[in-house]
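Q: Residue numbers (my numbering): 5 to 88. There's a structure below that I have some questions on.
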Ligand SMILES: [Zn+2]
Ligand SMILES: [Zn+2]
């Protein structure tokens with residue numbers, strides 16, 4: 005799991021407003037990286053509190069996760085696996 009504080013995220017991507025499901029509406033201490041990468045509709049960076057599965061995890065717990073897909077990528081992957 006890659007974790008970024010917002011200051012480093014702002015320095016890197018072109019347009020922070022396209023990140024996360026909230027599109028930048030939530031001011032967060034950190035972002036987590038979705039392994040959907042280019043395919044991720046959330047720009048592959050999300051606030052943990054904007055997800056249903058990571059919102060209660062500590063930074064230490066997030067660090068221990070090796071691979072993570074946001075809910076939108078999970079749904080997309082499931083659709084692809086179903087052949088639809
Ligand atoms: Zn968010
Ligand atoms: Zn994603």
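Just so it is clear, CB atoms sit at the ideal spot from N, CA and C, and this is done for glycine as well.
Within this structure, are the beta carbons of residue 46 and residue 59 separated by less than 7 Å?
A: no
Q: Have a look at the DSSP bridge pairing and note the partners of residue 37.
A: 49
Q: From residue 38 to residue 23, what does the alpha carbon distance come to, in whole angstroms?
A: 11 Å
Q: How would you call residue 48, buried or exposed, if buried means at least 16 neighbouring beta carbons within 10 angstroms?
A: buried
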